[in-house]
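One structure below.
Residue numbers (the numbering used here), protein chains in the order written: chain A, 39 to 115; chain B, -2 to 658.
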């Protein structure tokens, strides 16, 4: 069984649709910031040291750590 | 059309009072709108019970129907993304809007929304509509949309949301008058909720449904999303500014530029201020009748005052640069490129902003740590921020550097004095990281750390609001620090010009037959030594002698524990007491100071560097300790902070003195 695709796996410029969010302390925060199931996300930038990353979601740029991105499960758009 | 003659506003005595709250996402232009509405007519206070700053201002609105002036109080609530509060700042916004009994509960709420970012903004907007309180939606930055050829149908949006909607540009001051009119005509509360939440017990499901409904509204009211020019520019700029190599080069260059210009540009106005005070005290010495009161005025109050005012140019420059970095959106990039590095030290990318602000003043910097949601990361940031060299250390450094290194010396391209200054800041920063690293292992937590934040688009700085910020900070500094410094200056003047028993009389009798400058300075020196201040300084001399400090420096260390900048004022007081003319500048006096026995310079390079290191590390600021207590709600943390910083200062100073001696 292959690992599920998460936001942390996207390559620069790649985009996908958010399928679900894992239940975490920050999942509510992620949703308020526009990471809601059904939204399209695109990886915009990766910080110089490989972490955090910046994604385009809900029409603006959001930055988050890889560990947080791993909780966002994606499906191919 | 609604422009009211200024005279009419000032002569009228407005009775009607209206309370308006501004609420919105961070970076939505809320503060710009606040400034546009209130101008300089604003003040900063505290929300009751919490330490969050409350910015409020008065806006007088001419009501055309009644012909009266409506006095309106505008409250700028902290920026928030939702009504599910997670930080102290967000809690304040929530409390004010949700609690009818709150003293700040508004008559009308203006939601400021970034029109280029409507989807996320409407999340907050619809949550507020669901509170069923009178709401106006102000779509800010519609000019950005128009530049990209996009349009928002405000009428349709208004009918779908059930609240008045208007487009404004706070930056260009467009639509502000219309907003004022809507405010004073008082809007009704929305007739129905946007979203009936009780049907969903699950927050996740509610959020998904809320977004679905928002998306459907947006497709009806907003033309299809296109990349606006500012976004394109931001993308290009970020290719360099967040580049793995150039990103850091630019960041260091920015810091370098800031420090060099603080040292150079601020030097001119500082010279003027110094000269002015010198002339003023000369004038005072010539005109005032000799006696206790004149002495207190010239050598106590005036000397202390010049020590504060001389400092204003540097503070103003520092806050200017920090405000520009914040305002343009560059600070968020600094957090972005620094997060991973900072995490190694138990910090957060968001710690960088408090740390950099700590260069200006630890008090607002520690208050700025509220944006860090993780308690451990926030606590570590609070504990180490005072190690960053704040502007209060700057005059201490400035005077000591000028004593240790001759002016005009250079190392290649760089001014040597500027380089030493930069190294002191660097040492403070490295010590802060070291302390953080240790605390990372000492503090335990189970809380999850996260770093979820917006990278706003780059914008040109809004000079008028930067101007307001600088004026505000300088005022706070002059009043808050000034009060302490003046008080200490007076106490110090008393301690150094009075002695127990008949000591002064004895000294005067001893030199009774002598006259001339030599005898006078001997009398002055012996008097200072015999005074209360001298006794105090001498009693701690054994403890500080290993660091190369004499009892006069000892007096300054004692007084500096109230606030560091007092050092220069104390020096000024100590060296001008007994000197009737008070013509030499303090720098020259310290340079000329010799050991009474060996005849060597008291302020040798070793002593100067030892002192600089001591000031770099020691916790000598009552205001900072007080604010740490406020933010951590316990005396434990300021106490630990005081102990570890003092120990660090003493040991490092000892080391430096013995290496250089």
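Ideal Cβ placement from N, Cα and C applies to all residues, glycine included.
Note that the coordinates shown come from a computational prediction; the quantities given were computed from them, not determined experimentally.
Legend entry - Closest residue to residue 497(B) among 527(B), 509(B), 510(B) (Cα-Cα distance): 527(B)
Inset, instruction - For residue 654(B), count neighbouring Cβ atoms within 10 angstroms of its own Cβ and tell me buried if that reaches 16, exposed if not. - result: buried
Inset, instruction - May I ask you to check if the CB of residue 219(B) is nearer than 7 Å to at least one heavy atom of the ligand FAD? - result: The ligand FAD is absent from the structure shown, which contains no ligands of any kind.
Inset, instruction - Helix, strand or coil for residue 95(B), going by three-state DSSP, please let me know. - result: helix
Inset, instruction - Give a yes or no on whether 8 Å exceeds the smallest Cβ distance from residue 99(A) to chain B. - result: yes
Inset, instruction - Please name the residue or residues paired with residue 102(B) in a DSSP beta bridge. - result: According to DSSP, which records beta bridges pairwise, residue 102(B) is partnered with nothing at all.
Inset, instruction - Say whether the stretch 330 to 350 of chain B touches the stretch 413 to 421 of chain B, bearing in mind that this needs 3 or more beta-carbon pairs closer than 8 Å, one atom from each stretch. - result: no
Inset, instruction - Determine which residues of the stretch 234 to 249 of chain B have a Cβ less than 8 Å from any Cβ of chain A, and write them out in chain order. - result: Answer in chain order: 235, 239, 240, 241, 242, 244, 245.
Legend entry - Inter-residue CB distance, residue 106(B) and residue 192(B) (contact presumed, cutoff 8 Å): The pair is not a contact, with the Cβ atoms about 17 Å apart (cut-off 8 Å).
Legend entry - Residue closest to residue 656(B), alpha-carbon to alpha-carbon, out of 568(B), 644(B), 595(B), 545(B): 545(B)
Inset, instruction - In the DSSP assignment, find the unbroken beta strand (DSSP E) run with residue 589(B) in it and report its ends. - result: Per DSSP, residue 589(B) belongs to no beta strand (DSSP E); it is in the alpha helix (DSSP H), 583 to 589.
Inset, instruction - Output yes if chain B places a C-beta closer than 8 Å to the C-beta of residue 42(A); else output no. - result: no
Inset, instruction - Determine the closest residue to residue 239(B) out of 114(A), 109(A), 106(A), 90(A), with distance taken between C-alpha atoms. - result: Out of 114(A), 109(A), 106(A), 90(A), 90(A) has the C-alpha closest to the C-alpha of residue 239(B).
Inset, instruction - Output, in chain order, the set of chain A residues within a Cβ distance shorter than 7 Å of residue 659(B). - result: Shown here, chain B extends from -2 to 658; a query on residue 659(B) therefore has no answer.
Inset, instruction - Report buried or exposed for residue 33(B), applying the criterion of at least 16 other Cβ atoms within 10 angstroms of its Cβ. - result: Its Cβ being crowded by 16 or more others within 10 Å, residue 33(B) is buried.
Inset, instruction - Residues of the stretch 64 to 75 of chain A with a CB closer than 9 Å to any CB of chain B: list them in chain order, please. - result: Identification of residues in the stretch 64 to 75 of chain A having a C-beta nearer than 9 Å to some C-beta of chain B yields 64, 65, 66, 67, 68, 69, 70, 71, 72, 73, 74, 75, given in sequence order.
Legend entry - residue 106(A) in three-state terms, based on DSSP: helix
Inset, instruction - Please state if the CB of residue 267(B) and the CB of residue 737(B) are separated by a distance shorter than 8 Å. - result: Since the displayed chain B opens at -2 and closes at 658, residue 737(B) lies outside it and no answer follows.
Inset, instruction - Under the assumption that residue 173(B) contacts residue 165(B) (Cβ atoms under 8 Å), give the Cβ distance between them as a whole number of angstroms. - result: That pair is a contact at about 6 Å.
Legend entry - Beta-carbon proximity check, residue 108(B) vs residue 20(B), cutoff 8 Å: Yes. Within cutoff.
Inset, instruction - Assign residue 580(B) to one of two classes, buried (16 or more other C-beta atoms within 10 Å of its C-beta) or exposed (fewer than that). - result: For residue 580(B), the pLDDT reaches just 48, beneath the cut-off of 50, and the residue's location in the model is therefore unreliable, although a value from the coordinates is still provided. By the neighbour-count criterion, in which 16 or more other beta carbons inside 10 Å mark a residue as buried, residue 580(B) falls on the exposed side.
Inset, instruction - Measuring only between beta-carbons, confirm whether residue 106(A) sits less than 8 Å from chain B. - result: yes
Legend entry - Boundaries (first-last residue) of the beta strand (DSSP E) holding residue 66(B): Residue 66(B) -> beta strand (DSSP E) spans 65 to 73.
Inset, instruction - Please confirm if residue 221(B) has its CB atom under 8 Å from at least one CB of chain A. - result: no
Inset, instruction - Assign residue 73(A) to one of three DSSP states: helix, strand, or coil. - result: DSSP places residue 73(A) outside both helix and strand once states are collapsed to three, so it counts as coil.
Legend entry - Cβ-based contacts, 8 Å cut-off: residues of the stretch 334 to 364 of chain B near chain A: 334, 336, 337, 338, 346
Inset, instruction - Quick one: list the residues of chain B neighbouring residue 10(A), beta-carbon separation under 9 Å, in chain order. - result: The shown model of chain A, from 39 to 115, leaves out residue 10(A), and the question about it has no answer.
Inset, instruction - Starting from the beta carbon of residue 107(B), find every residue of chain A whose beta carbon is closer than 7 Å, and list them in chain order. - result: Simply none; closest approach about 21 Å.
Inset, instruction - Check the Cβ of residue 102(A) against every Cβ in chain B and list those closer than 7 Å, keeping chain order. - result: 448, 449
Legend entry - Inter-residue spacing [alpha-carbon to alpha-carbon] between residue 63(B) and residue 55(B): 20 Å
Legend entry - residue 110(A) to residue 203(B) span [Cα, whole Å]: When rounded, the distance between both Cα atoms is 18 Å.
Inset, instruction - Find the residues of chain B that neighbour residue 92(A), judging by a C-beta separation of less than 9 Å, and give them in chain order. - result: 235, 239, 333, 452
Legend entry - Proximity of residue 113(A) and residue 54(A) at Cβ, strictly below 8 Å: yes
Legend entry - Cross-strand partners of residue 60(B) (DSSP beta bridge): Bridge pairing for residue 60(B): 65(B) [DSSP].
Inset, instruction - Have a look at residue 630(B) and residue 624(B) and give me their C-alpha separation to the nearest angstrom. - result: 9 Å
Inset, instruction - Let me know if residue 199(B) comes out buried or exposed under the rule of 16 or more other beta-carbons within 10 Å of its beta-carbon. - result: exposed
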